Structure formats: C-alpha cells, structure tokens
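Asks: The following block contains the structure, expressed as structure tokens.
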Amino acid sequence: MLARNSMSKYFLSLSLLLSAFVASNAAAVSPFSLGLGVQSLYLSSVERGFDEQDLDVIGAAVALQYHISDQVAVTGTSLLASKSFVGKSSKELSTSAHSIDVQLRTSFGVIRPYLLVGVGYIATSPSVANEQFALRLGFGVEHPLTTNLGLNLAYTLNEAGVKGGDSESSTLFGLSYRFP
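With the working numbering, letter number 168 in the sequence shown gets 382, and the count goes up by one each step, no holes.
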C-alpha cells in the first residue's frame with residue numbers, strides 16, 4: 215500500500231514537473247488543459263492472481279495536459295476512485311493507474327484524431343503481480359464543443375509484461391477544458 219501511494223505521488227509530481235518545465239516557454243494563451251472523465255481498464259486476471267476470465271476496473275480519471283503545439287501535447291493521467299469487477303467472484307480489488315503520454319495530433323476540421331505513446335503504472339491489491347510499469351500505445355479523437363471545452367475518447371494498449379500474448383487495455387471518455 216505504501217509503495218503504491220509513493221508511486222502515485224511520484225507520477226503526479228513527475229507530470230507536474232514536466233508540465234512546469236515545458237511551460238517555461240509558454241505563449242500568451244495558456245497551453246494547459248484539465249480533463250475529467252471515466253476510464254475503464256481491462257486487466258489480465260491470471261497475471262494478477264485471479265482465476266477468473268474477466269477482470270475489469272472502472273473509475274474516475276483526471277488528466278493534466280500541456281499543448282506544446284497544435285500537433286504535440288504531453289498528458290499526465292490518474293485513475294482516481296475505482297470499482298473492480300472480478301468475473302463472477304465477489305472479491306474486491308483496489309486498483310491505481312497513472313500514465314504520462316505524448317500525443318501526436320492532426321486536425322480534420324472539428325475532429326482532431328491523435329496517436330499516443332507513453333508509459334504507465336498499474337497497481338492492484340490484493341494481487342500476486344501487484345505493481346507493473348507499462349508501455350502504452352493508442353489512439354484517440356477530440357471533438358471541440360466550444361472554444362475551450364472538448365469531448366475526448368481514447369483507447370490504449372498497455373504492455374505490462376503480460377505472458378501468453380494477452381494484452382491489457384484502457385478506454386477513456388471525458389471532457390477537457392483548455393484554460394484561456
């Protein structure tokens with residue numbers, strides 16, 4: 215538990231530090247966005263110490279994003295309150311997930327698709343393989359609703375040392391607010 219809280223603080227501190235470093239060259243318009251949404255994780259149940267086929271986690275996610283340019287953004291995301299669904303079992307699982315990603319964006323008018331690559335940290339408790347770093351690769355789309363408010367949907371594959379060719383993934387749906 216202590217290690218997971220330390221890693222949570224580490225990832226949050228790292229994302230804030232990275233954002234502050236990049237912000238030293240900020241323009242007159244704020245390059246920062248704050249996102250709130252719902253994140254769903256599909257995790258490998260066998261690798262995490264459960265015999266069931268399905269291990270799903272859903273929770274509230276918060277993201278801080280720094281727009282380096284119109285084509286590149288750096289995002290730090292944390293899964294906050296989460297609820298696990300472990301197959302047909304009534305076992306309770308505590309999950310923590312954090313990530314730092316670089317988004318490569320393009321624009322097709324009001325639709326803004328992007329590719330993302332980054333690193334993540336996933337911790338589950340109680341579990342055998344309770345803490346893992348993951349390489350992340352995914353895609354998403356942002357749809358601006360107003361000048362500062364946008365709708366965001368992203369899907370990411372997490373490679374966290376899962377054996378047997380199984381992969382872990384996350385889906386994120388939320389709103390982002392770009393500060394003026």
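Yeah, the Cβ is synthetic: ideal placement off N, Cα and C, and Gly gets one too.
All values derive from a computational prediction rather than experimental measurement.
Quick one: residues in its chain with C-beta nearer than 6 Å to the C-beta of T370, no 5 flanking neighbours on either side, listed in chain order?
Replies: Counting from one through the sequence shown, the residue named residue 370 turns up at place 156. R350, G352 and S384, listed in sequence order.
Asks: What's the call for L318, buried or exposed, on a 16-neighbour Cβ count within 10 Å?
Replies: Taking the first residue of the sequence shown as 1, we reach residue 318 at position 104. Answer is exposed; the Cβ neighbour count stays below 16.
Asks: Using the rule of at least 16 other Cβ atoms within 10 Å of the residue's Cβ for burial, across every protein chain shown, is V288 buried or exposed?
Replies: One-based indexing of the sequence shown puts residue 288 at position 74. Buried.
Asks: When DSSP builds the beta bridges, which residues end up paired with A348?
Replies: The residue you call residue 348 lines up with position 134 of the sequence shown. A348 pairs with G334.
Asks: With distances taken between CB atoms, is the gap from Q279 to S247 smaller than 8 Å?
Replies: Position 65 of the sequence shown, counted from the first residue, corresponds to residue 279. Position 33 of the sequence shown, counted from the first residue, corresponds to residue 247. In this structure, S247 lies closer than 8 Å to Q279 by Cβ.
Asks: Whose CA, out of L293, V355 and S296, lies closest to the CA of P327?
Replies: Here residue 327 corresponds to residue number 113 of the sequence shown, with the count starting at 1. That would be V355, whose Cα lies nearest to the Cα of P327.
Asks: Going by Cα to Cα distance, which pick from I282, Y391 and G323 is closest to G364?
Replies: Within the sequence shown, the letter at position 150 stands for residue 364. Closest by alpha carbon: Y391.
Asks: Measure from the alpha carbon of G323 to the alpha carbon of each residue in S292, G334 and P358, then state which is nearest.
Replies: Here residue 323 refers to the residue found at position 109 of the sequence shown. It is P358.
Asks: For N366, count neighbouring C-beta atoms within 10 Å of its own C-beta (all shown protein chains included) and say buried if the count is 16 or more, exposed if not.
Replies: By one-based count along the sequence shown, residue 366 stands at place 152. Counting Cβ neighbours within 10 Å, N366 comes out buried, since at least 16 surround it.
Asks: For the candidate residues L257, T320, T291 and S298, whose alpha-carbon lies nearest to that of D284?
Replies: Here the question's residue 284 lines up with position 70 in the sequence shown. Of L257, T320, T291 and S298, the residue nearest in Cα terms is T320.
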